[in-house]
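Undergrad: For the first sequence, the working numbering gives the first residue as 292, with consecutive numbering after it.
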Amino acid sequence: MQNSADRSRFRRRLLDWFDQNARDLPWRRKKSLYRTWVSEIMLQQTQVVTVVEFFPRFIRRFPDVPTLANASEADVLKQWEGLGYYRRARQMHAAVQVIVDRHEGKFPDTFDEVIALPGIGRYTAGAILSIADDQPWPVLEGNTARVYSRLLDFDGDVTTSAGQQELWSFAESLVSRSRPGDLNQALMELGSEICTVRAPRCLECPVSRHCLAFQQGDPQSLPNKGTRGMVYEDLQQAAVVIRRGTRVVVRLCGPNEHWSGLWDFPRFTSTPSATRAKLARQVGDRTGLSIRLDQPFRQIRHAVTRFRITLDCYEATDVSGRLRRSKDLRWADINELDDLAMSVTGRKIARAIQKR
DNA sequence: CATCCGTGGCA
DNA sequence: TTGCCAAGGAT
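#1: Please classify W550: does DSSP put it in a helix, a strand, or coil?
#2: Would you say A530 and I640 are within 8 angstroms of each other, going by their C-beta atoms?
#3: Can you give me the C-alpha to C-alpha distance between V532 and V541, rounded to a whole angstrom?
#4: For G417 and Q426, what's the separation of their Cα atoms in angstroms?
#5: Among D619, A380, C496, which has the Cα closest to the Cα of I411?
#6: Just the Cα atoms here: how many angstroms apart are G579 and Q455?
#7: Expressed to the nearest angstrom, what Euclidean distance is found between the alpha-carbon atoms of A462 and A565?
#8: Let's test the definition: count the other Cβ atoms within 10 Å of the Cβ of A386 and tell me whether it reaches 16, buried, or not, exposed.
#9: Kindly indicate which residue of I406, P514, A423 has the alpha-carbon position closest to the one of L442.
#10: Going by C-alpha distance, which of E606, R326, L503, E548 is nearest L359?
#11: Please work out which residues of its chain come closer than 8 angstroms, Cβ to Cβ, to K516, disregarding the five sequence neighbours upstream and downstream, and give them in chain order.
#12: Unbroken alpha helix (DSSP H) runs of length 4 or more, entirely within the stretch 349 to 376: which are they?
#13: If you follow the alpha helix (DSSP H) that T415 is part of, which residue opens it and which one closes it?
#14: Looking at the structure shown, is F559 part of a helix, part of a strand, or coil, going by DSSP?
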């Protein structure tokens, strides 16, 4: 694909494939800038099948810029519950205030204005403007990095800035004035359906004749993502449901911990041999309450980022004393827990105690 | 440039 | 069970 005639044929073949196979999927209907923004933020590091479940509900609740701008951050986080990367929701809430203040409540349509919004980088800005407004901006993300690497038979490390630069340059050379949004979506669709991580289906690929890795290399071995492996750390934790009547103590996670902005049950680092007496002391130190702990009623294993957490869930009885006055600590009625944004594990615990 | 941030699906 | 990965961005 050195010359523009090659690239032109490549675009035509890819768009033909796109038109025949995937054009009418419901989640890909033409959307406004606002809706494309919402879906692109949701799609960051998140699979389409997951977004399909959340997007309609979010749009029903926040159909336009003014509605989202008038909502509280807590409302937005509640709608985001279960989707992960909750920073995205808080950044959207911040961005929509900027849209009201600086853009008269209308989602901006220039690259510089869009990328200046919190939570939007080069990929997302280009995706929004090409898909919703047919502007010729290139895209580079997981799928296209794989597609581009294979088309070019590029075996450099794509996680380095040099590798990224190489792939962005190629993306720029591909995009044209004709249907840039469809082209970008076709490239990503190709990556997710045909040019897959494992066992790419090259024989079904509409552009295999343009693919150097298919002709002379090993598509499956690309892209080269370097050699750094994830280093996992096992954590032992305890969560405590402090209950008095129909109310329980909940805690708002702070800026420097997991699930920042979400509610959780008081949680402590623990050890396999930690005694319930010691845990009760920790609860006292943090909440000011004097408690006694029952046997753990449930153990939950979950992974978050690089941590693998084993979480023992306790219920406290014989609660006495007064809950420490603090912005991030309060009593909540058990039925009220449904209105709070919680992490998946927090929600599991909430459901468990609601069942009793 | 490395690390952080969630969750679920897959082999 | 374990590791890998997904329509990334901010720091």
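Every residue, glycine too, gets a C-beta built ideally from N, C-alpha and C.
TA: Walking through what the data contain:
#1: coil
#2: When the beta-carbon positions are compared, A530 and I640 come within less than 8 angstroms of each other.
#3: 8 angstroms
#4: 8 angstroms
#5: Minimum Cα distance to I411 is reached at A380.
#6: 52 angstroms
#7: 54 angstroms
#8: Result: buried.
#9: P514
#10: R326
#11: D448, V449, T450
#12: 356 to 361, 364 to 371
#13: 413 to 424
#14: strand
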